[in-house]
Each structure stands twice: as C-alpha cells, then as structure tokens.
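Visitor: Take this structure, written in structure tokens, and hold onto it; I'll ask about it next.
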Amino acid sequence: AKQISRSKFWGEARTVVLEREPNKSFGISIVGGRVEVSQKGGLPGTGSTVLGIFIKSVLPNSPAGRSGMMNMGDRVISVNDIDLREATHEQAVSAIKNATNPVRFVLQSLHSFTPQQVMIATFEGTPLFIEGNLLDKSNKISFV
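Every letter in the sequence shown is one number past the one before it in full-length UniProt numbering, and letter 68, counting from 1, is 68.
Right, here's the structure in full:
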C-alpha cells in the first residue's frame, strides 16, 4: 500500500506548549496504528495507509482541554522534539509520560473539506469504505 502524502489531507503543523501538573496527566488519550483506505473488493495492497499517533479524546478540565488547541483526531507529530510520526504506541506513551516541562506537542488536524471540495468516484456497484487499524490487532488506547 502506498502512504498518503501528509500535505494532501493534513493542515499546517502547530505547536502546543503544556505544563505538566505534578502527579497528573495532560488529559488526552491516544491511539496509534494504521488506517487503511481502500475500495471494497479492491485487491490487497491497492489502498493507501496513514500511519501515526492520534488523539482519541481530550478531558475538558485538563491542561490539554484548557489549552483549547488539542482536539480529537489530531495527529501527534512530535513531543519535545521526539518524532512520533512512525512511532509505536509504546514509544509514544513513553515519550509523552517522560517529557519534561514545558512540554511541546507538534500536532496536525485533518483539513476541513466542504462537500464542494471533495469528489469521490467509484465504479458502479463498488462502494467505498474505510477500515481502521487493520494491521494493529492490539487496539491499544492509552490515557496520558
């Protein structure tokens, strides 16, 4: 499968700086793995793959929630200059938990497409679908 170009679907990278409160989390849960995008019934390996660590949820009354800059679905590019674009789930958890103040998250959000900007064409009778975490059988989610 070919890897999707980040610039095609992702917005500009932005930096969010948080201070870790003693004995508390940042208030985000992360999920890591692969997302496969393909046509149903397509040949194996003909789809595209998106790799990365993503924010699954943000607690409102937490450092992340109060920042107003961390959102569900954001891709975590790096934490304190540790590149997480191809990191395992365990590597990402370790990088976030061991980061020292001030903690610099570099994030990207998916572009917001309006219906006028997106056109999906399929062959008649071939529905389009998206499957997540096809290659990551662990379904790991960590609250950090």
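Beta carbons are placed, not taken as given, at the ideal position from N, Cα and C, and that holds for glycine.
Taking DSSP as the reference, what is the three-state secondary structure of Phe54?
Guide: strand
Visitor: Which residues mark the beginning and the end of the alpha helix (DSSP H) in which Ser78 is found?
Guide: Run containing Ser78: none in the alpha helix (DSSP H); it sits in the beta strand (DSSP E), 75–79.
Visitor: State buried or exposed for Asp74, treating a residue as buried only when at least 16 other CB atoms are found within 10 Å of its CB.
Guide: buried
Visitor: When you compare the CB positions of Gly11 and Ser109, do they come within less than 8 angstroms of one another, or not?
Guide: yes
Visitor: Kindly list the residues whose CB is nearer than 7 angstroms to the CB of residue 145, restricted to its own chain and excluding five residues on each side of it in sequence; keep chain order.
Guide: No answer is possible for residue 145: the residues shown for the chain start at 1 and end at 144.
Visitor: Do you know how far the Cα of Ile28 is from the Cα of Val106?
Guide: 14 angstroms
Visitor: Measuring only the C-alpha atoms, how far is Pro60 from Arg85?
Guide: Rounded to the nearest angstrom, the two C-alpha atoms are 26 angstroms apart.
Visitor: Using 8 angstroms for Cβ pairs, my map puts Ser62 next to Phe26. What's the rounded Cβ distance?
Guide: 6 angstroms
Visitor: Let me check one thing: in DSSP terms, what residues is Gly32 bridge-paired to?
Guide: Ile53
Visitor: With DSSP as the reference, identify every bridge partner of Leu18, one or two as the case may be.
Guide: Val103
Visitor: What are the partner residues of Ile82, as DSSP defines its beta bridges?
Guide: For Ile82, the beta-bridge partners assigned by DSSP are Val79.
Visitor: Roughly how many whole angstroms lie between the Cα atoms of Leu51 and Ile82?
Guide: Linking Leu51 to Ile82 through their CA atoms gives a straight-line distance of about 16 angstroms.
Visitor: Here's a check: name, in chain order, each residue in its chain whose Cβ is nearer than 8 angstroms to the Cβ of Phe54, leaving out the five neighbours to either side.
Guide: Ile30, Val31, Gly32, Gly73, Asp74, Arg75, Val76
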